[in-house]
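First comes the structure, then the notes that go with it.
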Amino acid sequence: MPHVSHSPDSMFERVCQRFDEAARFAPDYPPGLLEQIKACNAVLHVQFPVRLPDGSIRVVEGYRAQHSHHRLPCKGGIRYSPNVTREEVMGLAALMTYKCAVVDVPFGGAKGGICLDSRHEPAEVVERATRRYTAELAAKNFIGPGIDVPAPDYGSGEREMAWIADTYRALNPTQLDAYACVTGKPLSLHGIQGRREATGLGVFYGLAEALDDPGEMRRLGLTTGIDGKRVIIQGFGNVGYHAAKFLREAGAVIVSVSTHEGAVLDPQGLDVEDVHRYVLETGSLRGYPAPQWYSDPAAALVEPCDILIPAAIEEQITADNAPRIQARIVAEAANDPTTPEAERILLGRGVFVIPDIYLNAGGVTVSYFEWLKNLSHVSFDRMSRRYQENANAKVIEAIEALTESRLSDEQRARLTRGPDEIDFVQAALADTMVQAYRAIYRTWRERGLPSLRTAAFLIAIEKVATDYLTLGIFP
Ligand code: NAD
Numbered sequence: 316m317p318h319v320s321h322s323p324d325s326m327f328e329r330v331c332q333r334f335d336e337a338a339r340f341a342p343d344y345p346p347g348l349l350e351q352i353k354a355c356n357a358v359l360h361v362q363f364p365v366r367l368p369d370g371s372i373r374v375v376e377g378y379r380a381q382h383s384h385h386r387l388p389c390k391g392g393i394r395y396s397p398n399v400t401r402e403e404v405m406g407l408a409a410l411m412t413y414k415c416a417v418v419d420v421p422f423g424g425a426k427g428g429i430c431l432d433s434r435h436e437p438a439e440v441v442e443r444a445t446r447r448y449t450a451e452l453a454a455k456n457f458i459g460p461g462i463d464v465p466a467p468d469y470g471s472g473e474r475e476m477a478w479i480a481d482t483y484r485a486l487n488p489t490q491l492d493a494y495a496c497v498t499g500k501p502l503s504l505h506g507i508q509g510r511r512e513a514t515g516l517g518v519f520y521g522l523a524e525a526l527d528d529p530g531e532m533r534r535l536g537l538t539t540g541i542d543g544k545r546v547i548i549q550g551f552g553n554v555g556y557h558a559a560k561f562l563r564e565a566g567a568v569i570v571s572v573s574t575h576e577g578a579v580l581d582p583q584g585l586d587v588e589d590v591h592r593y594v595l596e597t598g599s600l601r602g603y604p605a606p607q608w609y610s611d612p613a614a615a616l617v618e619p620c621d622i623l624i625p626a627a628i629e630e631q632i633t634a635d636n637a638p639r640i641q642a643r644i645v646a647e648a649a650n651d652p653t654t655p656e657a658e659r660i661l662l663g664r665g666v667f668v669i670p671d672i673y674l675n676a677g678g679v680t681v682s683y684f685e686w687l688k689n690l691s692h693v694s695f696d697r698m699s700r701r702y703q704e705n706a707n708a709k710v711i712e713a714i715e716a717l718t719e720s721r722l723s724d725e726q727r728a729r730l731t732r733g734p735d736e737i738d739f740v741q742a743a744l745a746d747t748m749v750q751a752y753r754a755i756y757r758t759w760r761e762r763g764l765p766s767l768r769t770a771a772f773l774i775a776i777e778k779v780a781t782d783y784l785t786l787g788i789f790p
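Structure (C-alpha cells):
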C-alpha cells in the first residue's frame with residue numbers, strides 16, 4: 316500500500332492516509348482487497364428547489380455517500396452545514412465503515428450532508444429541505460431499512476429525523492418496517508430511550524475505561540479515575556453537552572466549554588447544567604457569567620487541563636496549536652478533529668490520543684439498537700421486565716425465609732425492580748465501549764503499533780477484510 320506522507324487537504328484523503336498507515340501492519344490480503352475496502356462505493360449529489368418565507372426559491376445542495384456495502388444497510392448521520400462538501404461526506408462515510416467495525420455494529424458506512432445552516436434558517440425552510448432531500452434519497456434508492464439508514468450529526472437532531480421518518484413513511488405507506496429507515500427519532504415516533512445522549516455517554520464510558528489503567532495513567536502523570544480531572548470541551552451541542560454532563564456527574568471539573576461563537580472558562584469548574592440552561596434560554600453562550608470569555612473558541616484549547624475533548628468540527632487540533640496543548644489526554648468526540656501532523660506532534664510529546672473511530676461510536680451503537688427495536692416492533696424491556704421482577708421477588712422471599720428477616724418496602728422495591736429500556740441500552744453501550752477499548756489497547760500494545768488510532772484502524776481493516784472474504788463478495 317502506498318504510504319502518503321504529505322498533509323492531505325480533504326477529509327477523505329486524511330482518512331485514506333490513516334487507513335494506509337494501519338494497512339502496513341495488516342496481513343497479506345489478495346491484491347486489490349485493501350483498495351476496495353478503502354474506496355467510497357457510491358456518492359449521490361442532489362440539487363433541489365426550496366421555497367423561502369418571502370416566496371423566493373433557493374437551490375439547495377445535498378449529498379449522500381455510501382462508503383461500503385460489505386454489510387447492509389449502510390449507516391451514518393446527516394450533517395447540516397453551509398460548508399458541507401462531497402469530499403467531507405465521503406470522509407465521514409469512510410469513518411463510519413471503520414467505526415462500525417471497531418464496535419461490532421453490522422453496518423456499512425455512509426454519511427449525508429445538506430448545505431444549510433439549520434441553526435439560523437427558519438424551521439419551515441429546514442423542514443422543506445429535509446423532506447425534499449429524503450424524497451431525493453428515496454427516488455435513488457439511497458434510503459430504506461435494509462439499504463441505508465441515516466441518523467443525526469452536526470446541525471441535526473430528533474426534529475430532522477422525525478421529518479425524514481414521516482416523509483419516508485408517506486412514500487412507503489404499506490412498508491411494515493418503514494420507521495427503521497432512520498434512527499435518532501423522537502421517542503414518540505419509534506425512537507429509543509438513550510439515543511439522544513448516546514454519543515456523549517459513549518465518550519464518557521470510553522474515557523472512564525482509559526482512566527482506569529494505573530500503568531498508563533502513571534506514564535501520563537495522572538491519577539486513575541475521572542474524579543477531579545480538569546476537562547476542556549470544544550463544542551457544546553449534542554455530543555459536547557452530554558459528555559460534559561456525565562463527566563461532571565462523575566466528579567470531573569469542566570474548566571471550559573465553547574460554541575462557534577466563543578468559549579467560557581472557569582478554572583474552578585463550570586456548572587454544566589446552568590450553562591446548558593443559559594444556552595437554551597438565550598440561544599447563545601455569549602454573555603454567560605463566567606470568569607473568562609474568549610471570542611475565539613480555539614483559544615481555550617491550549618488552556619491548562621488534564622483532558623481535552625474536541626466535540627465540534629474537524630481539523631481543530633493542528634500543527635499550529637498542538638505544541639501548546641497542555642492536556643495529557645486528547646479524547647476525540649468529534650470526527651477528524653486532529654490533523655495527522657498534529658497527531659504526530661501530540662504523540663511525540665507523550666499525549667494519549669483516543670481516536671474518533673472508537674470514542675464517538677456510542678451514537679451508532681445505540682442507533683443499531685433503535686433499528687433492531689424498529690424491526691422487531693417491540694421494546695427491549697417489554698418481554699422481560701415483569702418476569703425479572705417476579706424472579707427477583709422469589710429470590711428475596713427465599714433469602715428472607717432463610718435469614719428470618721424482612722427487607723423494608725423501599726429496599727424490596729429497589730431490589731425487585733425489573734429493567735427498563737434505558738437500562739438495557741446503557742448496559743449494552745457500556746459493554747460495547749469497554750470491550751472495544753480493551754481490544755484496541757491490546758492490539759496497540761501487543762503489535763507495537765504507533766498509536767491507538769492505528770490499532771483501531773487495523774482492527775477495522777481486518778474485520779472488514781474478513782467479511783469480504785467470507786461473505787463471498789470479493790471476486
Ligand atoms: P451539534 O450540531 O449538536 O453541536 C455542534 C457544536 O459545535 C455547537 O455547539 C457549535 O456551536 C459548536 N461549534 C461549531 N464550530 C465550533 C468551533 N469552531 N469552536 C467551538 N465550537 C464550535 O453537533 P453534534 O451532534 O454534537 O456533533 C459534534 C461532532 O460530533 C461532529 O464532529 C459530529 O460529526 C460528531 N458526532 C456526532 C454524533 C451524534 O450522535 N450527534 C455521533 C458521532 C460523532
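Numbering (the numbering used here), first residue to last: 316 to 790. Every residue gets a Cβ at the ideal spot worked out from N, C-alpha and C, and that includes glycine.
Have a look at residue 394 and residue 464 and give me their C-alpha separation to the nearest angstrom.
Taking the sequence shown and counting its residues from 1, the one referred to as residue 394 is at position 79. Taking the sequence shown and counting its residues from 1, the one referred to as residue 464 is at position 149. Each residue's alpha carbon lies about 14 Å from the other.
What is the rounded straight-line gap between the Cα of residue 697 and the Cα of residue 730?
Taking the sequence shown and counting its residues from 1, the one referred to as residue 697 is at position 382. Taking the sequence shown and counting its residues from 1, the one referred to as residue 730 is at position 415. Taking the straight line joining both Cα atoms gives about 19 Å.
Applying the 10 Å Cβ sphere with the 16-neighbour rule, what's the burial state of residue 715?
Translated into the one-based positions of the sequence shown, residue 715 becomes position 400. It counts as exposed.
What does the alpha-carbon distance come out to for the pair residue 687 and residue 468?
Taking the sequence shown and counting its residues from 1, the one referred to as residue 687 is at position 372. Taking the sequence shown and counting its residues from 1, the one referred to as residue 468 is at position 153. One C-alpha to the other measures close to 20 Å.
Let me check you understand the geometry: is the CB of residue 599 closer than 7 Å to at least one non-hydrogen atom of the ligand NAD?
What you label residue 599 is simply residue 284 of the sequence shown in a count that begins at 1. For the ligand NAD, not one heavy atom lies less than 7 Å from the Cβ of residue 599.
Measure the CB-CB distance between residue 400 and residue 449 and report whether it falls below 8 Å.
Taking the sequence shown and counting its residues from 1, the one referred to as residue 400 is at position 85. Taking the sequence shown and counting its residues from 1, the one referred to as residue 449 is at position 134. No, the Cβ-Cβ distance between residue 400 and residue 449 is not below 8 Å.
Exposed or buried, which one is residue 331 when buried takes at least 16 other CB atoms within 10 Å?
For the purposes of this step, residue 331 is taken as residue 16 along the sequence shown, with counting starting at 1. By the neighbour-count rule (16 or more Cβ atoms within 10 Å), residue 331 is buried.
Does the contact criterion of 3 or more C-beta pairs under 8 Å hold for the segment 594 to 614 versus the segment 512 to 529?
no
Considering only residues of the same chain and omitting the five flanking positions on each side of residue 514, which have a CB-CB separation below 6 Å?
Reading the sequence shown from its first residue, position 199 is the one you call residue 514. If we look at residue 514 and ignore the five residues flanking it on each side, its Cβ neighbours are 554, 675, 677, 678.
Between residue 718 and the ligand NAD, is the CB less than 7 Å from at least one heavy atom?
Here residue 718 refers to the residue found at position 403 when the sequence shown is read from its first residue. No, the ligand NAD has no heavy atom inside 7 Å of this Cβ.
When burial is assigned at 16 or more other CB atoms within 10 Å of the CB, is residue 360 buried or exposed?
Looking up residue 360 in the sequence shown gives position 45. Around the C-beta of residue 360, fewer than 16 other C-beta atoms lie within 10 Å, and the residue is accordingly described as exposed.
Check whether the segment 361 to 380 and the segment 773 to 786 are in contact - that is, three or more C-beta pairs closer than 8 Å.
no
Pull up the distance between the alpha-carbon of residue 560 and that of residue 785, whole angstroms please.
Locating residue 560 in the sequence shown gives position 245, where the first residue counts as 1. Locating residue 785 in the sequence shown gives position 470, where the first residue counts as 1. Cα to Cα, the separation comes out at about 42 Å.
Could you tell me whether any non-hydrogen atom of the ligand NAD is closer than 7 Å to the CB of residue 469?
Here residue 469 corresponds to residue number 154 of the sequence shown, with the count starting at 1. Within the cutoff, so yes.
Within a Cβ cutoff of 6 Å, which residues of the same chain sit near residue 520, ignoring the five residues on either side of it in sequence?
Your numbering for residue 520 matches position 205 in the sequence shown. Answer for residue 520: 745, 748, listed in chain order.
Going along the chain, which residues of its own chain have a beta-carbon closer than 7 Å to the beta-carbon of residue 402, five neighbours each way excluded?
The count along the sequence shown starts at 1 and reaches residue 402 at position 87. Answer for residue 402: 325, 326, 327, listed in chain order.
Indicate whether residue 568 and residue 543 have their beta-carbon atoms separated by less than 8 Å.
By one-based count along the sequence shown, residue 568 stands at place 253. By one-based count along the sequence shown, residue 543 stands at place 228. In contact: residue 568 and residue 543 (Cβ atoms closer than 8 Å).
Taking C-alpha atoms, which residue in 478, 346, 641, 423 lies nearest to residue 439?
For the purposes of this step, residue 439 is taken as the residue at position 124 of the sequence shown. Closest by alpha carbon: 478.
Pull up the distance between the alpha-carbon of residue 587 and that of residue 556, whole angstroms please.
As a position in the sequence shown, residue 587 is number 272, starting the count at 1. As a position in the sequence shown, residue 556 is number 241, starting the count at 1. The straight-line gap from Cα to Cα measures roughly 8 Å.
Are the segment 411 to 419 and the segment 361 to 373 touching, with three or more C-beta to C-beta distances below 8 Å?
no
Check whether the Cβ of residue 612 sits closer than 7 Å to any heavy atom of the ligand NAD, and report yes or no.
On the sequence shown, position 297 is the one that residue 612 refers to. Because some heavy atom of the ligand NAD lies under 7 Å away, the Cβ of residue 612 counts as near it: yes.
Just to confirm the assignment, what range does the alpha helix (DSSP H) spanning residue 463 have?
By one-based count along the sequence shown, residue 463 stands at place 148. No alpha helix (DSSP H) holds residue 463; the beta strand (DSSP E) holding it covers 463 to 467.
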